[in-house]
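Taking it in order: structure first as structure tokens, then the write-up.
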Amino acid sequence: MIASKFGIGQQVRHSLLGYLGVVVDIDPDYSLDEPAEDDLAVNDALRSAPWYHVVMEDDDGQAVHTYLAEVQLSGESQDEHPEQPSMDELAASIRQQLQAPRLRN
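Sequential numbering of the sequence shown, starting at 1, is according to full-length UniProt numbering.
Below, the structure is given as structure tokens:
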């Protein structure tokens, strides 16, 4: 089990840029290819902490998939964001899917 600060379907904010996003998956540690020397993932302590697949909106309102370290995110206290309703809808949809019972044939 991953000991992570944020959960799937949770809304988060990028700590430096302030962008609103939704966690769609969690890796227990950095799992992409070897990072470039100037990447945040070069830091061994950060590589071994949880990393998050997050969907955010760019300046044009288009969904963008990002991969962020836990240290780059902060929790979002509000559930509603009139300026970005698509992020609210995505978070609600993911949470609903996680709670829905799965039927077997």
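Positions of the beta carbon are idealized from the N, C-alpha and C atoms, including for glycine.
Source: prediction; values computed, not measured.
Asked                                                                                                                  : Found
What separation, rounded to the nearest whole angstrom, lies between the Cα atoms of Asp-33 and Phe-6?                 : 23 angstroms
Measuring only the C-alpha atoms, how far is Pro-35 from Pro-50?                                                       : 16 angstroms
Does the segment 54-64 come close enough to the segment 12-32 to have 3 or more Cβ pairs within less than 8 angstroms? : yes
I'd like to check one pair, Ala-63 with Ser-86: are the Cβ atoms closer than 9 angstroms?                              : yes
Tell me which residue opens and which closes the alpha helix (DSSP H) that Ser-86 is part of.                          : 85-99
Could you tell me which of Ala-3, Ile-8, Leu-16 sits nearest to Gln-72, measuring between CA atoms?                    : Leu-16
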